[in-house]
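The numbering used here puts the sequence shown at residues 513 to 606.
Heads up, the beta-carbon is just placed ideally off N, CA and C, and yes, glycines get one too.
Note that the coordinates shown come from a computational prediction; the quantities given were computed from them, not determined experimentally.
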Amino acid sequence: MAKQFPIYKGLQKPLIYRGFQGKFIGWGIASLIIGVVLGGVIGSLTSMIAGGIITISAIVFGLLVTSQQQKKGLHSKTRHVGVFQIATSLKPKK
Numbered sequence: 513m514a515k516q517f518p519i520y521k522g523l524q525k526p527l528i529y530r531g532f533q534g535k536f537i538g539w540g541i542a543s544l545i546i547g548v549v550l551g552g553v554i555g556s557l558t559s560m561i562a563g564g565i566i567t568i569s570a571i572v573f574g575l576l577v578t579s580q581q582q583k584k585g586l587h588s589k590t591r592h593v594g595v596f597q598i599a600t601s602l603k604p605k606k
């Protein structure tokens, strides 16, 4: 008899954190980090108020873009809009 060992098969469920799924979790974290860094740089160069406004607006914009991309799906798909008419020829080939 051969020995049998248990095999870990992963989570068996999609990875979801606060409404973001899969790769969009990374996108959300990246938008948070970019917003804080951008706001910190702007705040140090100009004023604290401008930096705070830039931080909040960059984070909100990044999370909105991420949620909109997530609604489109995990993979980029070409979506054609309209009615398509396929031309067919019922004549037999010679």
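- Counting the other Cβ atoms within 10 Å of the Cβ of Leu575 gives 16 or more, which makes it buried.
- The beta carbon of Gln533 is closer than 8 Å to those of Pro526, Leu527, Gln582, Leu586 in its chain, skipping five residues each way along the sequence.
- According to DSSP, residue pairing for Ile528 in a beta bridge involves Gln533.
- Annotation: Thr590 to Gln580 spans about 16 Å, alpha carbon to alpha carbon.
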